[in-house]
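Numbering (the UniProt record's numbering), first residue to last: 1 to 341. All C-beta atoms in this analysis are idealised placements derived from N, C-alpha and C, irrespective of residue type, glycine included. Working notes, beginning with the structure itself.
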(Lines of atoms letter the chains of each structure in order from A and count residues from 1; the text may use other names and numbers.)
(Lines give C-alpha, C1' and ligand atoms only; values in the text may rest on other atoms or scores of the structure.)
Protein backbone atom coordinates (compact mmCIF):
# COMPACT_ATOMS: atom_id res chain seq x y z
CA UNK A 1 0.00 0.00 0.00
CA UNK A 2 1.48 3.34 -1.08
CA UNK A 3 0.86 6.54 0.87
CA UNK A 4 -0.34 9.44 -1.26
CA UNK A 5 -0.52 13.20 -0.74
CA UNK A 6 -2.61 15.53 -2.91
CA UNK A 7 -1.80 19.25 -2.97
CA UNK A 8 -4.59 21.42 -4.30
CA UNK A 9 -7.21 18.95 -3.14
CA UNK A 10 -10.02 21.52 -3.12
CA UNK A 11 -9.96 22.03 -6.91
CA UNK A 12 -11.66 19.99 -9.62
CA UNK A 13 -8.60 17.91 -10.51
CA UNK A 14 -7.89 17.31 -6.84
CA UNK A 15 -11.42 16.06 -6.29
CA UNK A 16 -11.15 13.86 -9.37
CA UNK A 17 -7.94 12.31 -8.01
CA UNK A 18 -9.68 11.51 -4.74
CA UNK A 19 -12.60 9.94 -6.61
CA UNK A 20 -10.27 7.76 -8.68
CA UNK A 21 -8.09 6.69 -5.77
CA UNK A 22 -11.25 5.55 -3.96
CA UNK A 23 -11.27 2.56 -6.33
CA UNK A 24 -7.52 1.89 -6.16
CA UNK A 25 -6.30 -1.21 -4.35
CA UNK A 26 -2.72 -0.05 -3.73
CA UNK A 27 -3.01 3.62 -2.72
CA UNK A 28 -4.05 5.27 0.52
CA UNK A 29 -4.54 9.03 0.84
CA UNK A 30 -2.49 10.20 3.82
CA UNK A 31 -2.59 13.97 3.34
CA UNK A 32 -4.74 16.54 1.55
CA UNK A 33 -3.34 20.02 1.12
CA UNK A 34 -5.56 22.99 0.33
CA UNK A 35 -4.44 26.26 1.87
CA UNK A 36 -7.63 28.18 1.07
CA UNK A 37 -9.87 25.56 2.69
CA UNK A 38 -7.54 24.23 5.38
CA UNK A 39 -9.36 22.90 8.41
CA UNK A 40 -12.40 21.75 6.48
CA UNK A 41 -13.43 18.16 5.91
CA UNK A 42 -13.94 16.57 2.52
CA UNK A 43 -17.68 16.42 3.20
CA UNK A 44 -17.71 20.20 3.56
CA UNK A 45 -15.65 20.90 0.45
CA UNK A 46 -16.99 18.14 -1.82
CA UNK A 47 -20.17 16.54 -0.44
CA UNK A 48 -20.13 13.86 -3.16
CA UNK A 49 -16.97 12.45 -1.50
CA UNK A 50 -18.30 12.42 2.06
CA UNK A 51 -18.33 8.61 2.12
CA UNK A 52 -14.54 8.45 1.84
CA UNK A 53 -12.33 7.96 4.88
CA UNK A 54 -9.73 10.64 4.11
CA UNK A 55 -7.92 13.22 6.22
CA UNK A 56 -9.20 16.76 6.65
CA UNK A 57 -7.64 19.43 4.49
CA UNK A 58 -4.56 21.16 5.89
CA UNK A 59 -2.08 23.77 4.73
CA UNK A 60 0.81 22.40 2.71
CA UNK A 61 3.25 23.46 5.45
CA UNK A 62 1.49 21.13 7.87
CA UNK A 63 2.09 17.99 5.80
CA UNK A 64 4.78 15.53 6.91
CA UNK A 65 6.23 14.13 3.68
CA UNK A 66 8.52 11.64 5.41
CA UNK A 67 6.06 8.76 4.96
CA UNK A 68 4.61 9.87 1.60
CA UNK A 69 5.50 7.68 -1.38
CA UNK A 70 4.07 9.90 -4.10
CA UNK A 71 2.60 13.39 -4.22
CA UNK A 72 0.12 14.75 -6.75
CA UNK A 73 0.37 18.52 -7.20
CA UNK A 74 -2.94 19.91 -8.49
CA UNK A 75 -1.96 23.53 -8.00
CA UNK A 76 -2.06 26.55 -10.34
CA UNK A 77 0.93 27.21 -12.58
CA UNK A 78 3.63 29.36 -10.98
CA UNK A 79 2.49 28.24 -7.53
CA UNK A 80 3.26 24.63 -8.38
CA UNK A 81 6.91 25.18 -9.31
CA UNK A 82 7.53 27.16 -6.13
CA UNK A 83 6.02 24.41 -3.96
CA UNK A 84 7.70 21.54 -5.80
CA UNK A 85 11.13 23.17 -5.55
CA UNK A 86 10.79 23.02 -1.75
CA UNK A 87 9.60 19.38 -1.50
CA UNK A 88 11.97 16.53 -0.53
CA UNK A 89 14.35 15.73 -3.39
CA UNK A 90 13.60 11.99 -3.27
CA UNK A 91 9.80 12.36 -3.31
CA UNK A 92 8.02 11.08 -6.43
CA UNK A 93 5.80 13.80 -7.86
CA UNK A 94 3.12 14.00 -10.55
CA UNK A 95 2.44 17.64 -11.35
CA UNK A 96 -0.87 18.52 -12.98
CA UNK A 97 0.01 22.17 -13.62
CA UNK A 98 1.71 23.67 -16.66
CA UNK A 99 4.97 24.41 -14.87
CA UNK A 100 7.10 21.50 -16.10
CA UNK A 101 5.54 20.70 -19.49
CA UNK A 102 7.80 22.89 -21.60
CA UNK A 103 11.47 21.88 -21.76
CA UNK A 104 12.77 25.29 -22.81
CA UNK A 105 12.55 27.86 -19.95
CA UNK A 106 12.27 30.68 -22.49
CA UNK A 107 9.23 28.99 -24.04
CA UNK A 108 7.67 28.74 -20.59
CA UNK A 109 8.22 32.46 -20.04
CA UNK A 110 6.79 33.22 -23.47
CA UNK A 111 3.55 31.28 -22.95
CA UNK A 112 3.00 31.78 -19.21
CA UNK A 113 4.36 35.27 -18.66
CA UNK A 114 6.69 34.61 -15.73
CA UNK A 115 10.23 33.20 -15.43
CA UNK A 116 10.69 29.65 -14.21
CA UNK A 117 12.03 29.42 -10.65
CA UNK A 118 12.60 25.65 -10.45
CA UNK A 119 15.02 25.04 -13.31
CA UNK A 120 16.72 22.03 -11.70
CA UNK A 121 13.39 20.26 -11.33
CA UNK A 122 12.39 21.29 -14.83
CA UNK A 123 15.47 19.55 -16.25
CA UNK A 124 14.47 16.21 -14.72
CA UNK A 125 10.75 16.39 -15.52
CA UNK A 126 9.32 13.83 -17.96
CA UNK A 127 6.41 14.87 -20.18
CA UNK A 128 3.38 12.92 -18.99
CA UNK A 129 1.63 11.82 -22.18
CA UNK A 130 1.63 8.23 -21.00
CA UNK A 131 1.16 6.39 -24.27
CA UNK A 132 4.24 8.03 -25.81
CA UNK A 133 6.56 8.42 -22.80
CA UNK A 134 5.77 5.23 -20.90
CA UNK A 135 9.36 3.99 -20.50
CA UNK A 136 10.65 7.37 -19.32
CA UNK A 137 7.75 7.77 -16.90
CA UNK A 138 8.47 4.43 -15.23
CA UNK A 139 11.87 5.68 -14.09
CA UNK A 140 10.95 9.32 -13.44
CA UNK A 141 10.88 11.18 -10.14
CA UNK A 142 8.91 14.13 -11.51
CA UNK A 143 6.28 13.79 -14.24
CA UNK A 144 4.64 16.82 -15.85
CA UNK A 145 1.03 16.21 -16.75
CA UNK A 146 -0.05 17.53 -20.14
CA UNK A 147 -2.63 20.18 -20.83
CA UNK A 148 -6.04 18.61 -21.45
CA UNK A 149 -6.38 20.31 -24.85
CA UNK A 150 -2.81 19.35 -25.70
CA UNK A 151 -3.45 15.70 -24.86
CA UNK A 152 -6.57 15.52 -27.03
CA UNK A 153 -4.87 17.05 -30.05
CA UNK A 154 -1.82 14.86 -29.67
CA UNK A 155 -3.80 11.64 -29.48
CA UNK A 156 -5.42 12.56 -32.78
CA UNK A 157 -2.25 13.71 -34.55
CA UNK A 158 1.01 12.26 -33.16
CA UNK A 159 0.93 8.94 -35.03
CA UNK A 160 -0.03 10.72 -38.26
CA UNK A 161 2.83 13.20 -37.95
CA UNK A 162 5.30 10.48 -37.01
CA UNK A 163 4.40 8.35 -40.05
CA UNK A 164 4.14 11.33 -42.40
CA UNK A 165 0.73 10.32 -43.76
CA UNK A 166 -0.67 13.87 -43.66
CA UNK A 167 0.44 17.24 -44.99
CA UNK A 168 2.43 18.59 -42.04
CA UNK A 169 2.02 22.19 -43.15
CA UNK A 170 -1.78 22.17 -43.31
CA UNK A 171 -3.28 21.03 -39.99
CA UNK A 172 -6.37 22.73 -38.53
CA UNK A 173 -7.40 21.83 -34.98
CA UNK A 174 -10.86 23.00 -33.90
CA UNK A 175 -11.47 22.14 -30.25
CA UNK A 176 -14.45 22.39 -27.87
CA UNK A 177 -13.76 22.26 -24.13
CA UNK A 178 -16.14 22.07 -21.16
CA UNK A 179 -16.07 24.73 -18.47
CA UNK A 180 -14.34 22.61 -15.77
CA UNK A 181 -11.17 22.97 -17.84
CA UNK A 182 -10.98 26.55 -16.56
CA UNK A 183 -10.69 25.40 -12.94
CA UNK A 184 -12.81 26.06 -9.86
CA UNK A 185 -11.88 29.69 -9.18
CA UNK A 186 -14.68 32.22 -9.49
CA UNK A 187 -14.61 34.02 -12.85
CA UNK A 188 -17.25 36.39 -14.20
CA UNK A 189 -17.26 34.89 -17.70
CA UNK A 190 -17.97 31.43 -16.23
CA UNK A 191 -21.13 32.44 -14.37
CA UNK A 192 -24.17 30.47 -15.52
CA UNK A 193 -25.86 33.56 -16.97
CA UNK A 194 -22.71 34.46 -18.91
CA UNK A 195 -21.87 30.99 -20.24
CA UNK A 196 -25.07 29.03 -20.76
CA UNK A 197 -27.11 29.04 -23.98
CA UNK A 198 -24.13 29.69 -26.21
CA UNK A 199 -20.48 29.00 -26.79
CA UNK A 200 -17.56 31.06 -27.97
CA UNK A 201 -14.06 30.87 -29.36
CA UNK A 202 -11.24 32.15 -27.19
CA UNK A 203 -7.48 32.67 -27.54
CA UNK A 204 -8.19 33.17 -31.24
CA UNK A 205 -5.26 33.60 -33.59
CA UNK A 206 -2.70 31.42 -31.86
CA UNK A 207 -2.44 32.73 -28.30
CA UNK A 208 -3.56 29.67 -26.32
CA UNK A 209 -0.88 28.39 -23.97
CA UNK A 210 -1.24 24.77 -25.02
CA UNK A 211 0.19 25.74 -28.38
CA UNK A 212 3.56 25.66 -26.64
CA UNK A 213 3.06 21.93 -26.07
CA UNK A 214 1.86 21.34 -29.63
CA UNK A 215 4.90 23.17 -31.03
CA UNK A 216 7.29 21.27 -28.75
CA UNK A 217 5.86 17.79 -29.21
CA UNK A 218 4.87 17.86 -32.88
CA UNK A 219 8.19 19.37 -33.92
CA UNK A 220 10.08 16.71 -31.95
CA UNK A 221 8.07 13.94 -33.61
CA UNK A 222 8.48 15.39 -37.12
CA UNK A 223 12.13 16.33 -36.74
CA UNK A 224 11.39 19.83 -38.00
CA UNK A 225 9.26 22.79 -36.89
CA UNK A 226 5.53 22.08 -37.02
CA UNK A 227 2.83 24.65 -36.30
CA UNK A 228 -0.87 23.80 -36.27
CA UNK A 229 -3.74 26.24 -36.64
CA UNK A 230 -5.63 25.90 -33.36
CA UNK A 231 -8.82 27.52 -32.05
CA UNK A 232 -10.40 26.43 -28.74
CA UNK A 233 -14.05 27.05 -27.89
CA UNK A 234 -15.71 27.09 -24.48
CA UNK A 235 -18.96 25.13 -24.38
CA UNK A 236 -21.70 25.15 -21.69
CA UNK A 237 -20.96 21.65 -20.41
CA UNK A 238 -19.25 20.46 -17.24
CA UNK A 239 -16.91 17.83 -18.66
CA UNK A 240 -15.41 16.83 -21.96
CA UNK A 241 -13.25 17.86 -24.89
CA UNK A 242 -14.04 17.27 -28.54
CA UNK A 243 -11.27 17.97 -31.05
CA UNK A 244 -12.13 18.09 -34.75
CA UNK A 245 -8.95 17.99 -36.82
CA UNK A 246 -8.85 18.81 -40.54
CA UNK A 247 -5.93 17.30 -42.44
CA UNK A 248 -4.83 16.48 -45.98
CA UNK A 249 -4.30 12.76 -46.47
CA UNK A 250 -6.03 9.54 -47.43
CA UNK A 251 -8.73 8.64 -44.91
CA UNK A 252 -8.15 4.90 -44.99
CA UNK A 253 -4.41 5.29 -44.54
CA UNK A 254 -5.01 7.69 -41.65
CA UNK A 255 -7.45 5.28 -40.01
CA UNK A 256 -5.07 2.35 -40.45
CA UNK A 257 -2.19 4.38 -39.01
CA UNK A 258 -4.14 5.35 -35.89
CA UNK A 259 -5.53 1.85 -35.42
CA UNK A 260 -2.04 0.35 -35.61
CA UNK A 261 -0.56 2.95 -33.26
CA UNK A 262 -3.18 2.34 -30.55
CA UNK A 263 -3.86 -1.37 -31.07
CA UNK A 264 -2.41 -2.32 -27.67
CA UNK A 265 -3.40 0.77 -25.72
CA UNK A 266 -6.00 0.09 -23.01
CA UNK A 267 -7.44 3.61 -22.96
CA UNK A 268 -7.35 4.70 -26.62
CA UNK A 269 -10.15 3.38 -28.84
CA UNK A 270 -10.10 3.97 -32.59
CA UNK A 271 -13.67 3.68 -33.85
CA UNK A 272 -14.69 1.87 -37.04
CA UNK A 273 -14.04 3.87 -40.19
CA UNK A 274 -16.65 6.59 -40.71
CA UNK A 275 -17.76 6.86 -37.06
CA UNK A 276 -17.19 9.95 -34.91
CA UNK A 277 -17.21 10.01 -31.08
CA UNK A 278 -19.08 12.25 -28.67
CA UNK A 279 -18.10 13.61 -25.27
CA UNK A 280 -21.15 11.72 -23.97
CA UNK A 281 -19.37 8.45 -24.78
CA UNK A 282 -16.34 9.01 -22.52
CA UNK A 283 -17.71 11.14 -19.66
CA UNK A 284 -16.17 10.31 -16.30
CA UNK A 285 -13.76 7.75 -17.78
CA UNK A 286 -10.08 7.49 -18.66
CA UNK A 287 -10.83 6.60 -22.28
CA UNK A 288 -10.13 8.59 -25.42
CA UNK A 289 -12.19 7.75 -28.52
CA UNK A 290 -10.92 8.66 -31.97
CA UNK A 291 -12.91 8.61 -35.20
CA UNK A 292 -11.84 9.07 -38.83
CA UNK A 293 -14.19 10.27 -41.56
CA UNK A 294 -13.38 10.93 -45.22
CA UNK A 295 -14.29 14.42 -46.35
CA UNK A 296 -16.33 14.92 -49.52
CA UNK A 297 -13.28 16.72 -50.98
CA UNK A 298 -10.80 14.16 -52.28
CA UNK A 299 -7.61 13.97 -50.28
CA UNK A 300 -9.04 15.59 -47.16
CA UNK A 301 -9.89 13.81 -43.91
CA UNK A 302 -11.51 14.69 -40.60
CA UNK A 303 -10.20 13.16 -37.37
CA UNK A 304 -12.35 13.57 -34.25
CA UNK A 305 -11.08 12.84 -30.74
CA UNK A 306 -13.06 12.93 -27.48
CA UNK A 307 -11.92 12.63 -23.88
CA UNK A 308 -12.91 13.80 -20.41
CA UNK A 309 -10.73 16.80 -19.55
CA UNK A 310 -10.76 15.98 -15.83
CA UNK A 311 -9.97 12.28 -16.24
CA UNK A 312 -7.92 11.26 -19.28
CA UNK A 313 -7.01 14.91 -19.81
CA UNK A 314 -5.72 15.45 -16.28
CA UNK A 315 -6.33 13.41 -13.11
CA UNK A 316 -6.81 10.04 -14.81
CA UNK A 317 -3.63 10.61 -16.79
CA UNK A 318 -1.89 11.58 -13.53
CA UNK A 319 -3.00 8.35 -11.85
CA UNK A 320 -1.97 6.32 -14.91
CA UNK A 321 1.51 7.86 -14.65
CA UNK A 322 1.67 7.35 -10.88
CA UNK A 323 0.89 3.67 -11.36
CA UNK A 324 3.88 3.35 -13.68
CA UNK A 325 6.16 5.28 -11.33
CA UNK A 326 5.25 3.01 -8.41
CA UNK A 327 5.44 -0.26 -10.37
CA UNK A 328 1.68 -0.83 -10.19
CA UNK A 329 -0.42 -2.17 -13.07
CA UNK A 330 -0.97 0.85 -15.33
CA UNK A 331 -4.74 0.41 -15.51
CA UNK A 332 -5.30 0.05 -11.75
CA UNK A 333 -8.14 2.28 -10.55
CA UNK A 334 -8.92 3.48 -14.07
CA UNK A 335 -11.04 0.88 -15.83
CA UNK A 336 -14.41 2.32 -14.77
CA UNK A 337 -16.98 2.59 -17.54
CA UNK A 338 -18.05 6.02 -18.80
CA UNK A 339 -21.14 7.66 -17.27
CA UNK A 340 -24.25 7.75 -19.42
CA UNK A 341 -26.50 9.59 -19.87
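Environment of residue i [buried if 16+ CB atoms lie within 10 Å]
{"i": "residue 25", "result": "exposed"}
{"i": "residue 331", "result": "exposed"}
{"i": "residue 213", "result": "buried"}
{"i": "residue 113", "result": "exposed"}
{"i": "residue 245", "result": "buried"}
{"i": "residue 297", "result": "exposed"}
{"i": "residue 106", "result": "exposed"}
{"i": "residue 1", "result": "exposed"}
{"i": "residue 317", "result": "buried"}
{"i": "residue 27", "result": "buried"}
First and last residue of the uninterrupted beta strand (DSSP E) at residue i
{"i": "residue 325", "result": "First-last for residue 325: 316-326, but that is the alpha helix (DSSP H), not the beta strand (DSSP E)."}
{"i": "residue 3", "result": "2-7"}
{"i": "residue 143", "result": "142-144"}
{"i": "residue 165", "result": "Counting along the chain, residue 165 falls outside any beta strand (DSSP E), and DSSP gives it neither H nor E."}
{"i": "residue 178", "result": "172-178"}
Helix, strand or coil at residue i according to DSSP, with G and I counted as helix
{"i": "residue 28", "result": "strand"}
{"i": "residue 54", "result": "coil"}
{"i": "residue 230", "result": "strand"}
{"i": "residue 94", "result": "strand"}
{"i": "residue 284", "result": "coil"}
{"i": "residue 192", "result": "helix"}
{"i": "residue 183", "result": "coil"}
{"i": "residue 297", "result": "coil"}
{"i": "residue 201", "result": "strand"}
{"i": "residue 33", "result": "strand"}
{"i": "residue 313", "result": "helix"}
Pick from the options that is closest to residue i, judged by C-alpha positions
{"i": "residue 224", "options": "230, 231, 215", "result": "215"}
{"i": "residue 314", "options": "69, 50, 113, 143", "result": "143"}
{"i": "residue 72", "options": "145, 220, 242", "result": "145"}
{"i": "residue 182", "options": "227, 148, 161", "result": "148"}
{"i": "residue 173", "options": "14, 238, 152", "result": "152"}
{"i": "residue 29", "options": "290, 42, 36, 37", "result": "42"}
{"i": "residue 250", "options": "302, 284, 23", "result": "302"}
{"i": "residue 119", "options": "99, 193, 140, 23", "result": "99"}
{"i": "residue 197", "options": "235, 219, 333", "result": "235"}
Delimiting residues of the alpha helix (DSSP H) encompassing residue i
{"i": "residue 304", "result": "Careful: residue 304 lies outside any alpha helix (DSSP H), inside the beta strand (DSSP E) at 300-307."}
{"i": "residue 119", "result": "119-124"}
{"i": "residue 70", "result": "Per DSSP, residue 70 belongs to no alpha helix (DSSP H); it is in the beta strand (DSSP E), 70-73."}
{"i": "residue 137", "result": "130-138"}
{"i": "residue 84", "result": "79-85"}
{"i": "residue 14", "result": "12-21"}
{"i": "residue 110", "result": "105-112"}
{"i": "residue 215", "result": "211-222"}
{"i": "residue 43", "result": "42-45"}
field: Complete beta strand (DSSP E) runs within the region 233-270 (minimum length 3 residues, chain order)
entry: 241-248, 268-270
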